[in-house]
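Enquirer: To convert, note that position 186 of the sequence shown is 186 in full-length UniProt numbering; the numbers rise steadily by one, no gaps. Quick one: the structure is below, and I'll ask about it shortly.
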Amino acid sequence: MLEHEREKLESIKLDYDKYWVPINWSYTHMFEARRAGKITSDVMTNKLTDEMKVFRNNLQMLCNYDWVPIPLVYPQVIMIAVYFYFGVCLISRQFILSGRELPTKSEIDIVVPVMTMVQFLFYVGWMKAAEVLLNPMGDDDDDFECNFLLDKNLATSLSIVDETHYDAPTVQEDKFWSSGHVDPMIPSVNDEQRVVEMIRRRHSSVTIPDTRKTSKKSFSRPIPSHAATFPSARNSVVSLEAEPLSQCHEKSTTAMINFQSALSTVTEEESPTSRNNSTDIQLS
């Protein structure tokens, strides 16, 4: 808030909160922009007015939550728990009087159930405190102050009509006026945005190679001379040279199977010769 805006806000004589005054200034500048033709249509003006109304309602809801915190489920839970607990205690904490020998039989050692009475006082007292919340418009300290709300709303409405109607400070340039980027006030959000910007710059500097050229070069390598001994595998590999990469992936499995079968055949054929060579070396 600039200095002339602070002086304008302090000049308004009101005994209640004045958080609505900057919002009223926004409405005033909005209507002046519409009359000056800076806002082209009434539909857009109505849309901006609705957005300002949503912002103002959220502020009021936040003030209400901070003013009167009411746990909504607290009264119901406490009532059910207290009634159920003492209903069970009424039967379970009685002594058994019987002439028979029972495992649960015991002698009466305490005439007055002191602990049960203490529990009854605490639990029922908490329950009565919870019942007060069922009437939020009562006279307690934590209830809604209806007279205060009525007086505040009436005084605020009269102040809007009498003192601040079409009376807004002039718009002046602040430190964020000419800056292209405004850092958020929350440090964690600011740091997160910086990390995101670094990641974006790093990804923008990475170049993705052309896979079509790479695949064409990878499949256009010269085939060894001994590949002629297994023509089925050679034909499978050669057929992949002129095809796109997607079709090459589909046929790569078949080519690999043919290559392995041909390789095993060549290995079986060359294995006797290798054994003879190793025998000649040992004899020599």
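Backbone N, C-alpha and C define an ideal beta-carbon position, used for all residues, glycine too.
If you follow the alpha helix (DSSP H) that Glu5 is in, where does it begin and where does it stop?
Expert: 3 to 10
Enquirer: Closest to Thr156 by CA distance: which of Glu5, Asn24, Arg6, Leu2 is it?
Expert: Asn24
Enquirer: With three or more beta-carbon pairs closer than 8 Å as the criterion, would you say the stretch 84 to 97 touches the stretch 49 to 56?
Expert: no
Enquirer: Quick check on Glu51: does DSSP put it in helix, strand or coil?
Expert: helix
Enquirer: Any contact of the stretch 111 to 122 with the stretch 146 to 163, i.e. 3+ C-beta pairs under 8 Å?
Expert: no
Enquirer: Given a cut-off of 8 Å, decide if Ala33 and Met79 are closer than it, judged by their beta-carbon atoms.
Expert: No, the pair does not count as a contact, with Cβ atoms beyond the cut-off.
Enquirer: Roughly how many angstroms lie between the CA atoms of Tyr65 and Met1, to the nearest whole one?
Expert: Separation of Tyr65 and Met1 (C-alpha to C-alpha, rounded to the nearest whole angstrom) is 26 Å.
Enquirer: Assign Val111 to one of three DSSP states: helix, strand, or coil.
Expert: coil
Enquirer: What is the C-beta distance between Leu59 and Tyr19, in whole angstroms, given that I count them as a contact (C-beta under 8 Å)?
Expert: 6 Å
Enquirer: Just how far apart, CA to CA, sit Arg6 and Leu14?
Expert: 15 Å
Enquirer: Can you tell me whether DSSP reads Asp17 as helix, strand or coil?
Expert: Under the three-state reduction of DSSP output, Asp17 falls in the coil class, being neither helix nor strand.
Enquirer: Let me make sure I understand the geometry here. Which of Glu163, Glu197, Val171 has the alpha-carbon closest to that of Glu10?
Expert: Glu163
Enquirer: Using the beta-carbon count (16 or more within 10 Å), is Gly37 buried or exposed?
Expert: exposed
Enquirer: Grab the span of the alpha helix (DSSP H) containing Phe84 for me, first residue to last.
Expert: First-last of the alpha helix (DSSP H) with Phe84: 74 to 92.
Enquirer: Just mark Ser225 as buried or exposed, buried being the case when its beta carbon has 16 or more other beta carbons within 10 Å.
Expert: Bear in mind that the predicted position of Ser225 carries a pLDDT of just 48, short of 50, making it unreliable; the figure below should be weighed with that in mind. Under this definition Ser225 is an exposed residue.
Enquirer: Look at the Cβ atom of Val171, then the Cβ atom of His4, and state whether they are nearer than 8 Å.
Expert: no
Enquirer: By DSSP, does Ser41 sit in helix, in strand, or in coil?
Expert: coil
Enquirer: Classify Lys128: buried if its beta carbon has 16 or more other beta carbons within 10 angstroms, exposed otherwise.
Expert: Looking at its Cβ environment, which holds fewer than 16 other Cβ atoms inside 10 Å, Lys128 is exposed.
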